[in-house]
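**Student:** Residue numbers (my numbering): 1104 to 1359.
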DNA sequence: ATGCCTAGTGATACTAGA
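1. Give, in chain order, every unbroken run of the beta strand (DSSP E) that is at least 3 residues long and sits entirely within the stretch 1298-1330.
2. State the start and end residues of the unbroken beta strand (DSSP E) segment that holds residue 1238.
3. Hey, which unbroken runs of the alpha helix (DSSP H) at 4 residues or more fall wholly within the stretch 1104-1186?
4. Residue 1194: which of 1284, 1136, 1275 and 1269 sits nearest, CA to CA?
5. Alpha carbons only, please: which of 1260, 1255, 1107 and 1184 is nearest the one belonging to residue 1228?
6. Need the endpoints of the alpha helix (DSSP H) that residue 1280 sits in, please.
7. Hey, could you find the ends of the beta strand (DSSP E) residue 1357 is sitting in?
8. Take the Cβ of residue 1344 as the centre, count every other Cβ of all protein chains shown within 10 Å, and call the residue buried at 16 or more, exposed below.
9. Who are residue 1337's beta bridge partners in DSSP?
10. In the DSSP assignment, find the unbroken beta strand (DSSP E) run with residue 1203 in it and report its ends.
11. For residue 1173, which residues of its own chain have a beta-carbon under 8 Å away from its beta-carbon, when the five flanking residues on both sides are left out?
12. Straight-line CA distance for residue 1245 to residue 1294?
13. When DSSP labels each residue in this structure, what does residue 1343 get in the three-state scheme?
14. Considering only residues of the same chain and omitting the five flanking positions on each side of residue 1164, which have a CB-CB separation below 7 Å?
15. Return the first residue and the last residue of the alpha helix (DSSP H) that residue 1291 is part of.
16. Return the CA-CA distance between residue 1274 and residue 1211, expressed in angstroms with no decimal places.
17. So the candidates are 1351, 1208, 1350 and 1217; which of them puts its Cα closest to the Cα of residue 1196?
18. In angstroms with no decimal places, state the Cα-to-Cα distance between residue 1259 and residue 1169.
19. Just to confirm my understanding: we take residue 1220, look at its own chain, exclude 5 residues before and 5 after, and list those with CB closer than 6 Å. What are they?
20. Could you check where the beta strand (DSSP E) with residue 1245 kicks off and where it finishes?
21. Can you tell me the Cα-Cα spacing of residue 1262 and residue 1142, whole angstroms?
22. Less than 8 Å between the beta carbons of residue 1264 and residue 1311, yes or no?
23. Does the distance from the CB of residue 1307 to the CB of residue 1320 come in under 8 Å?
24. Does the contact criterion of 3 or more C-beta pairs under 8 Å hold for the stretch 1329-1342 versus the stretch 1274-1285?
25. Quick one: Cα of residue 1240 to Cα of residue 1280, how far?
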């Protein structure tokens, strides 16, 4: 079973790329982030025509997450617990083929320090609290998406330029460390401990051509899935397509 | 240190991204 995560940076603006990628990579499940569209503008017809069921949590202009699957999706919840006043659409959770899948878009948090960074850290703590419950629920769980976290200096082309950035600040990495301490497996880094792996290249300065990237989109698995990992990778070529997202799709294969 | 580029909104420069 192939599961992917992809920050599409505009589900309508980049719909041709999304459809082309679905056709070529053909994941069984795809978690999408940054839809940048309200619920009523989700391109359901095109996604169904591509062979996928879908659930989504949209928002005008910003954020927005979705789960696509070739098999039926049972929605578990939308939004993270812990703040009923949170207006950002950044989390959706479902069960597919007996797998619990959380699809998340963690706040960017720049500029830091400041209110946006405070929001990032508060949201992060809510995620950690929820992840703790998921980890121990006795089911196989996948927690994936755009974490907006550079876990180590190995995951960024020039670490010294990012030390004050919200994606790499000590508080951010410490929060990711607290999440990982629950026992989660970071699939890409576990399979490739020493490789340079990037999932994002910004649009500036020919970052993709120079491979000046970041690894910020992650796949975390709980203990029941740890021994089921078959393969994983980044569909890097998609980042080179015309009118593409600044992220590349990340995928894993599980033997279930 | 800054802007480099891009999407969305709405019709103009702005916010936001990372």
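C-beta: ideal position from N, C-alpha, C; glycine also.
**Tutor:** Once the coordinates are examined:
1. Listed in chain order, the complete beta strand (DSSP E) runs (minimum 3 residues) inside the stretch 1298-1330 are 1320-1324.
2. By one-based count along the first chain, residue 1238 stands at place 135. Secondary structure note for residue 1238: it is in no beta strand (DSSP E), and the uninterrupted alpha helix (DSSP H) holding it is 1218-1238.
3. If we require 4 residues or more, the alpha helix (DSSP H) runs fully inside the stretch 1104-1186 come out as 1118-1128 and 1147-1152.
4. Along the first chain, one-based indexing puts residue 1194 at 91. With distances taken between Cα atoms, residue 1194 lies closest to 1136.
5. One-based indexing of the first chain puts residue 1228 at position 125. Among 1260, 1255, 1107 and 1184, the Cα nearest to that of residue 1228 belongs to 1184.
6. Here the question's residue 1280 lines up with position 177 in the first chain. 1273-1283 is the extent of the alpha helix (DSSP H) around residue 1280.
7. In the first chain, the residue the question calls residue 1357 occupies position 254. First-last of the beta strand (DSSP E) with residue 1357: 1353-1357.
8. Here residue 1344 refers to the residue found at position 241 of the first chain. With fewer than 16 Cβ atoms within 10 Å of its Cβ, residue 1344 is classed as exposed.
9. The residue labelled residue 1337 in the question sits at position 234 within the first chain. Answer is 1353.
10. Reading the first chain from its first residue, position 100 is the one you call residue 1203. Taken as a continuous stretch (DSSP letters only), the beta strand (DSSP E) holding residue 1203 covers 1202-1208.
11. If you number the first chain from 1, residue 1173 lands on position 70. Once the five neighbours on either side are set aside, the close Cβ partners of residue 1173 are 1131, 1132, 1154, 1155 and 1156.
12. As a working mapping, residue 1245 is identified with position 142 in the first chain. As a working mapping, residue 1294 is identified with position 191 in the first chain. Straight-line Cα distance between these residues: approximately 16 Å.
13. By 1-based counting over the first chain, the position of residue 1343 is 240. When secondary structure is reduced to three states using DSSP, residue 1343 falls in the helix class.
14. For the purposes of this step, residue 1164 is identified with residue 61 of the first chain, where counting begins at 1. The residues are 1139.
15. Taking the first residue of the first chain as 1, we reach residue 1291 at position 188. From DSSP, the alpha helix (DSSP H) with residue 1291 extends over 1290-1294.
16. Indexing the first chain from 1 puts residue 1274 at position 171. Indexing the first chain from 1 puts residue 1211 at position 108. Near 13 Å, if we compare the C-alpha coordinates of residue 1211 and residue 1274.
17. Locating residue 1196 in the first chain gives position 93, where the first residue counts as 1. Considering only alpha carbons, the answer is 1208.
18. Reading the first chain from its first residue, position 156 is the one you call residue 1259. Reading the first chain from its first residue, position 66 is the one you call residue 1169. Those two C-alpha atoms are separated by around 27 Å.
19. Position 117 of the first chain, counted from the first residue, corresponds to residue 1220. These residues qualify, in order along the chain: 1212 and 1269.
20. Numbered from its first residue, the first chain carries residue 1245 at position 142. Counting along the chain, the beta strand (DSSP E) containing residue 1245 begins and ends at 1244-1249.
21. The residue you call residue 1262 lines up with position 159 of the first chain. The residue you call residue 1142 lines up with position 39 of the first chain. Approximately 38 Å between the Cα atoms of the pair.
22. Here residue 1264 corresponds to residue number 161 of the first chain, with the count starting at 1. Here residue 1311 corresponds to residue number 208 of the first chain, with the count starting at 1. Not closer than 8 Å, so no.
23. Start at 1 with the first residue of the first chain, and residue 1307 comes out as number 204. Start at 1 with the first residue of the first chain, and residue 1320 comes out as number 217. Cβ atoms of residue 1307 and residue 1320: not closer than 8 Å.
24. The stretch 1329-1342, when compared against the stretch 1274-1285, does not touch it at the 8 Å Cβ threshold.
25. Within the first chain, numbered from 1, the residue matching residue 1240 stands at position 137. Within the first chain, numbered from 1, the residue matching residue 1280 stands at position 177. Rounded to whole angstroms, residue 1240 and residue 1280 show a C-alpha spacing of 21 Å.
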